[in-house]
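Numbering of the sequence shown is given in my numbering, commencing with residue 7 and proceeding in unit increments.
C-beta atoms are modelled at their ideal positions from N, C-alpha and C, and glycine is treated no differently.
Working notes, beginning with the structure itself.
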Amino acid sequence: MAIPHRLGHPNLGLGVGLRTTHFAHILDQHPSVDWFEIISENYMDSRGRPAYVLDQIAERYPIVMHGVSMSIGSTDPLNMAYLRKLQALVQRVDAHWVSDHLCWTGVATLNSHDLLPLPLNEESLAHVVERIRIVQDMLERPLVLENPSSYVTFADSTMSEWEFIRRMAEEADCGLLLDVNNVYVSSVNHDFDPVEYIEAVPHERVVQIHLAGHTDMGTHCIDTHDGRVIEKVWRLYHLAHQRTGGVSTLLEWDANIPPFEEMHAEVLKARRYMDEQLEEADEEAAPEPAANRSSVPHPATFVKSEAE
Ligand SMILES: [Fe+2]
């Protein structure tokens, strides 16, 4: 199978999101994790300890940058000051690639600190494609965009999310970050087939995969990143791995964060799901319930607290 192209990027292996709570462990123990993903905004303006720690980690491990504030889908003008700072951080940590989300985060200069979904139609597609091209020209590299999890759809949408993403990637010539947990969460919330989604995305453009836990509320799922990956999401990962030929895989864990070894062990489970002959396994128990169900933080909101 002649699949990998990934915009020419390597398969970095199995990584975890870099979180401040693990700084001391990483500096002391130098765990044998393949790579780290950083939240770009947490370091763009940072001085002092976060910057000091990041520089040391970047000397030892491959770093990928993942942002939450580009707001590629907004009708506000692109924030050129933000993009310049992003570019400076790329140089500083020698980032392999830069990703953000297919979403908008605010309008009229207000930042909602949330990853808001777009109507999916020809007008929004042309808008997003044009803005991706501008960002790529400025960063002098392809942008990698992630499918968001969502909780609402729009009457103005005329195409599926997977069709939008395929056309966006091809027309803007960008990469994709395929979050298989987000595919699952949205498939429950909007009643579509997650397998159809995974099968339809342009596999050769998938540069990275995200895995995460979520909270099943019974009537809907919320993308809480607060626990283990459930078996159904691992099965989607298996499919994505087969279709892409294997790409850099990262576990996101942003609330109720366990000790580093426990988080690392969770992403290492991915090895089992890379097996072509994966046997039918019993469904894993549901992810451990969040300690406080009334508080379901969204990933984009973590940045504020982590950045401070
Ligand atoms: Fe993600």
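Near ligand 1: residue i beta-carbon under 8 angstroms from a heavy atom
i, result
"Asp3", "It is not possible to answer for residue 3, since the shown part of the chain is limited to 7 through 314."
"Asp120", "no"
Same chain only: Cβ atoms within 6 angstroms of residue i, ignoring 5 sequence neighbours per side
i, result
"Gly19", "Asp40"
"Asp185", "Glu152, Asn153, His216"
"His31", "Phe266"
"Leu24", "Phe42, Ile44"
"Glu176", "none"
"Pro293", "With a pLDDT of only 42 at Pro293, under 50, the local geometry of the prediction cannot be trusted, and no value is derived from it."
"Asp288", "Model confidence at Asp288 stands at a pLDDT of 46, short of 50, so the residue's coordinates are unreliable and nothing is read from them."
"Val239", "Val186, Asn187, Tyr190"
"His107", "Leu121, Glu152, Pro154"
Same chain only: Cβ atoms within 7 angstroms of residue i, ignoring 5 sequence neighbours per side
i, result
"Pro200", "Val189, Tyr190, Ser193, Leu242"
"Thr159", "His196"
"Ala246", "Leu184, Val186, Ile204, Ile215"
"His15", "His102, Trp103, Val213"
"His11", "Glu210"
"Tyr49", "Pro56, Ala57, Leu60, Leu95"
"Leu131", "Phe170, Arg173, Met174"
Among the options, the one whose alpha carbon lies nearest that of residue i
i, options, result
"Gly21", "Gly54, Glu267, Arg249, Leu284", "Glu267"
"Ile9", "Lys275, Glu210, Asn17", "Glu210"
"Arg90", "His226, Glu47, Phe170, Ala206", "Glu47"
"Glu129", "Leu122, Met165, Leu257", "Met165"
"Arg249", "Val213, Glu272, Lys275", "Val213"
"Gly252", "Met269, Glu282, Cys109", "Glu282"
"Phe170", "His244, Pro68, Val96, Leu124", "Leu124"
"Cys161", "Asn127, His36, Phe198, His270", "Here residue 161 is Ala; the residue named in the question, Cys, does not match the sequence. Closest option to Ala161, Cα to Cα, is Asn127."
"Asn68", "Leu122, Arg172, Asn17, Thr81", "Going by the sequence as given, residue 68 is Pro instead of Asn. Cα-wise, what sits closest to Pro68 is Asn17."
"Asp82", "Val135, Ala276, Leu116", "Leu116"
"Thr230", "Leu256, Glu202, Asp260", "Asp260"
"Ser254", "Arg66, Leu131, Ser105", "Ser105"
"Gln93", "Leu33, Thr27, His119, Met71", "Met71"
"Arg53", "Arg98, Ala276, His36", "Arg98"
"His36", "Thr26, Asp51, Gln62", "Gln62"
"Val135", "Leu84, His244, Glu272, Met280", "Leu84"
"Leu274", "Ser38, Asp34, Thr26", "Ser38"
Cutoff 8 angstroms; reference residue i; Cβ partners in own chain excluding five residues on either side
i, result
"Met86", "Met144"
"Pro320", "Because the chain spans 7 through 314 in this model, residue 320 falls outside it and cannot be assessed."
"Ile138", "Ile78, Leu149, Leu151, Met174, Ala178, Cys180"
"His226", "Tyr157, Val194, Asn195"
"Asp100", "Ala64, Ile69"
"Met269", "Val22, His28, Leu257, Trp259, Ile263"
"Glu202", "Trp168"
Beta-bridge partners of residue i, as assigned by DSSP
i, result
"Ile63", "BP columns for Ile63 are empty, so no partner."
"Ile215", "Leu184, Thr255"
"His107", "Glu152"
"Asn117", "Gly112"
"Asp222", "Cys227"
"Phe42", "Val22, Ile69"
"Leu122", "Trp110"
9 angstroms Cβ cutoff, residue i in contact with chain B
i, result
"Ala114", "Absent from the structure: chain B. Only one protein chain is present."
* **Residues near ligand 1, criterion Cβ-heavy atom distance below 5 angstroms** => Asp185, His216
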